[in-house]
Structures are given as C-alpha cells and as structure tokens.
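Per this note's numbering, residue 740 is the first one in the sequence shown, and the count goes up by one each step.
From the three backbone atoms N, C-alpha and C, an ideal C-beta is built for every residue, glycine too.
All remarks here apply to the structure that follows.
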Amino acid sequence: MHTPRTRFSTVLCTLVLAWLASLPVGAAELPDFKSIVRQNNPAVVKILVEFAPGGENYHSEMPQIPEYLRRFFEGQLAPPDELPPRRGMGSGFIISRDGYIVTNNHVVAGADRVLVRLTDRTEFEAEIKGLDERSDLALLKVEASGLPTVALAEPDALEVGEWVLAIGSPFGLDYSVTAGIVSAMGRSLPTENGENYVPFIQTDVAINPGNSGGPLFNLDGEVVGVNSQIFTRSGGSIGLSFAIPVSVVSNVIEQLRDDGEVTRGWLGVTIQDVDKVLAESLGLERPKGALIVQLQPGGPADEGGLESGDVITRFAGKDILTSSELPHAVGLVKPGAEVKVELVRDGREKTLRLAVGALEADDRPSVAAVSPQAGEGARLGLVVEEITEQLQSRWGISGGVVVTEVISGSPADERGVRSGDVITLIAGNPVTSVESFMRIVEGLEPGKSVPMRLFRRGAPQFIGITPD
C-alpha cells in the first residue's frame, strides 16, 4: 500500500532522474587530463643546478662554530675549493625545437652549471641566455634540434574558475602532475624592492619546491603561466600558488632571446589607491584608478602633462581599477611608444597622449603607503607652522606647512593625520605658507570632501578630508 509520502518520493525521484537524463553527455564529468599530459610531458624538463660551495670567507662565516672553538678545528676543515658544490633543482619547458627553455630566474641565477634533463633521461648542459629578476624569468639554451615543444596561450584569455594543470618535479619527484582551478587573476605581490610588474595568476594547484619554473596549462594544452611562488606556513602547498601570466612571459622571453636583457615602460610617478572618501573628494563615482601623488621632474609623466592629483583610470587600453594595476600595464609597453591615458582631474574626465619612458636598472617604481605664530586650521582640526628650508631640502619638496598638533576627534584626526606631517596641497591649491594654508582652509565648503596631499617621513600620499 502506497502512502501519500511514498507516492511523493516516487514522483520526486522520477523527476530527478528525468532531469539528469536530459543533461548533455559529460556535463557532470571532471576534465580528462590524460591527453594534455601525453601531449606536453615530453617538453617539460627537470633543471639541475650547481653552485660554488662558498666564498673566501666560507669558514669564518660559519655561525655554528664560535670563535673560541675554532682553534680546535684548525687543519680539519677543508678549503672551499675542496668542498662539494651546492645543488638545486627546478622545472622548465621547451619553447623551440632548437633548444630554448623557459624557467624561473631564482632557479638558475648565480649557478655555475645548469643541466636540463628530458623525460627520456637525456641530459644537456644549458647556457643561460638571459635573466630578468623583476619578472623572475630566465631563458636557457641547449645545443639540440628537433626537440618537443609546448604552445603558449593567447594573452588575457584565462578566466577565474578555469581548470589548470601543472607539470614539474616537486621535491625531486620528476614529472608530477597536479590540477586545480584559477582562484584569482592579477594578484599583486610586490618584491622586497617594492616593484610590482607581474599580475600573478593565483591557483589552488598543489605547487611545491621543485615546481618552480614549470608550466601551467589550460584544458587546450597551452601554457598560460609559469609557476613561480607559493604561500605557505609549512614549506609545502596549502592551496595558494602563483604563476607568471603568459602575457608577461611572452614579452620578457622575446626580449631575452633578441637582446639578452629586458626593458620596460616607465612613467616616473608615485601612486596610491583611492578609498571611498578620496573618491568623493576627487569627483569619482566610486573608488577606482591610480592616484598620482608625486611626479619625477622631467619624467615621462611630467613631460606628458600629467599632474599630481590626477587619477589614471585607463592606460594603453587597459582599465586601471587599483594602483597596483598601473605598473603591470606600464611595464608591458615598449619604451618610446605613445599611449593614450584616460584620467580624472578636478572631477572631470580627460584624455592625454604621452610617450612612455624606459625603466633603467636603478630606477624603482614607487607606490605611496596608505595607511603661537602657528596657524590654526580649526575646520580641519590642525595646528601648523612654517616648514624649514632644511626639511624641504631633505625631502625634496617646495613649500608646505608642518603639522604640530592634531585635535582629537577632528576631521584630520579621523583621517589619520599625524604631528610631523607636511601638507603641500589642499583641494588642488598649493600650500606655500601658514598664511596660504589658512586662506585655503577658510574657503573650503563645509561637509564636502576634498583631497589633501601630505608628506610623512618624506613619502607622499593623498587623503580625502571633510572640513567642518
């Protein structure tokens, strides 16, 4: 006997089965990676490197042997030239049949000897044709012909959520295959020098030491990136890996092959992000773009008509949503090329054309950190005094006033202004003295946010501030 509940369950199961039967064949199946591996595995290589065992002060720099104990080891420690070489390893992939190979800079930089091993155990001694520390890429060359190769994907074709596949030698386990999805695009990972020229691909693919320099494939079997870094607390994979996108790889490798070095576009600006308050004060409908805090005198941006306080929203055809995206876009432009720059100045959209300069080896792009004869700017909650010539000279600025006191609970206090900050610009008006500061502040419209530029320990930044 069928109860109403069992009849309902039967009908529900029938409907579910009918829906599953209506799905396209393979719609619920996981990707089949076998063909990708078979096609590309022969072009993935293991890279073995040897480094000198130590320098002239090798023994004197050994921290584990205190000075007072070293006399017990005299004559027992081998000289550096008799010690075995230090060894390392990584991964790479062949991009031309005549032996050009891509890997990471950090895998081979400083190596005395580089060996490349193929899947059939054939080994070649490789020559380092070029290194690029800024992108962490290196180009090797072996003397061979008819080698298997990989294909590079079209730039900017990858999307978040796509399946991707890595092949490499984690912990020396040759030609291991791992898979996952693209977690995010355009990740900004500034170097120790503050440089930020690589919009990294973030994935959850298991990447470990030894995978560095290996390829990241899409489901068409094309290389979309070069595995470069992981975020870890244990030394192994925790599902946060980062790859250099093919747009950067193609640009850098072409220059290394043709010229042996890499040149990048350069503007000569210090930039910062735009927050909600700044967006309102700058006339933006929402926080976006790269805000120019300072220009290098005579630099490409200065010569091209850009101004401090401009917000770049589009550069060379690429939308700029955050300040970290501007170096990515500028770095891919060939020096000397003229590009279109779209920006917002004083709340109005404006378009300029300028010639991009070349980033020299010693140049460092800069991103600003965000984070009573005295005059009283009561509407801002500030007490200021004249700046000394010594401080102007030390920080390379002209004019300005020094903040000596910030009133608790004031607009300036709420926006993080500190004693010692130097204010040089308010609402587009240069602050040249205490008198000009007072005049500008008194002319501000109550309740309307305005941009204010200040220097903190010599580093410039903009904040949005709303006068009472």
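In terms of DSSP beta bridges, what is residue i paired with?
i: GLY831; result: VAL784
i: ASN966; result: ALA982
i: TRP1134; result: The partner list for TRP1134 (beta bridge, DSSP) is empty, contrary to what the question assumes.
i: GLN1035; result: DSSP lists no partner for GLN1035.
i: ASP1058; result: ARG1053
i: ARG996; result: Paired residues: none, contrary to the question.
i: PHE826; result: A small fix is needed here, since residue 826 is Arg in this sequence, not Phe. In DSSP, ARG826 forms a bridge with GLU789.
i: LYS1079; result: ARG1092
i: GLY919; result: VAL903
i: ILE940; result: ALA982
Taking 8 Å as the cut-off, decide whether the C-beta atoms of residue i and residue j are in contact.
i: LEU1183; j: SER1047; result: no
i: GLU1124; j: VAL1173; result: yes
i: VAL846; j: SER951; result: yes
i: ILE1202; j: ARG1154; result: yes
i: LEU1082; j: ASP1058; result: no
i: GLY1043; j: ALA1094; result: yes
i: LEU928; j: PHE939; result: yes
i: VAL963; j: VAL985; result: yes
i: VAL1016; j: LEU1030; result: no
i: ALA982; j: ASN966; result: yes
i: ALA890; j: LYS880; result: no
i: LEU926; j: THR888; result: Note on identity: in this sequence residue 926 is Arg, with Leu being the wrong assignment. No, the Cβ-Cβ distance between ARG926 and THR888 is not below 8 Å.
i: MET924; j: LEU958; result: no
i: ASP1085; j: GLY1167; result: yes
i: PRO1199; j: GLN1033; result: yes
Use the C-beta contact count for residue i: other C-beta atoms within 10 angstroms, 16 or more gives buried, fewer gives exposed.
i: GLY849; result: exposed
i: PRO1039; result: buried
i: GLU961; result: buried
i: VAL899; result: exposed
i: ASP1223; result: Because the chain in this structure spans residues 740 to 1207, residue 1223 falls outside the shown range and cannot be described.
i: GLN968; result: buried
i: ALA1100; result: For ALA1100, the predicted structure reports a pLDDT of 46, less than 50, and the residue's modelled location is therefore unreliable. A value from the coordinates is still provided. ALA1100 should be labelled exposed.
i: GLN1129; result: exposed
i: SER1132; result: exposed
i: TYR936; result: buried
i: ARG1190; result: The sequence shown places Pro at residue 1190, rather than the Arg named in the question. When all chains shown are included, PRO1190 counts as buried.
i: LEU1121; result: buried
i: GLN803; result: Its pLDDT being 49, under 50, GLN803 is placed unreliably in this model, and the value from its coordinates should be taken loosely. Exposed, since its Cβ has fewer than 16 Cβ neighbours within 10 Å.
i: GLY1148; result: exposed
i: ASP871; result: buried
i: THR1205; result: buried
i: ALA1076; result: exposed
i: GLU882; result: exposed
i: GLY1056; result: exposed
Would you please state the rounded distance, in angstroms, between the beta carbons of residue i and residue j? I believe it to be under 8 Å.
i: VAL921; j: GLU934; result: Rounded, the Cβ-Cβ distance is 24 Å, inconsistent with contact.
i: SER1214; j: GLY907; result: No answer is possible for residue 1214: the residues shown for the chain start at 740 and end at 1207.
i: THR842; j: ALA877; result: 5 Å
i: THR942; j: VAL987; result: The Cβ separation is near 16 Å, so there is no contact.
i: THR858; j: PRO781; result: 5 Å
i: ASN779; j: PHE970; result: With a Cβ gap of about 26 Å, ASN779 and PHE970 do not count as contacting.
i: LEU1071; j: GLY869; result: No, LEU1071 and GLY869 are not in contact; Cβ-Cβ is about 17 Å, not under 8 Å.
i: LEU1119; j: VAL1180; result: 6 Å
i: GLY1197; j: VAL1170; result: About 17 Å separates the two Cβ atoms, so there is no contact after all.
> Which runs of the alpha helix (DSSP H) spanning at least 4 residues fall entirely within the region 832-905, listed in chain order?
Replying inline: 844-847
>> To test your reading of the DSSP string, which unbroken beta strand (DSSP E) runs of 3 or more residues are found completely within the region 1137-1194?
In response: 1140-1145, 1161-1165
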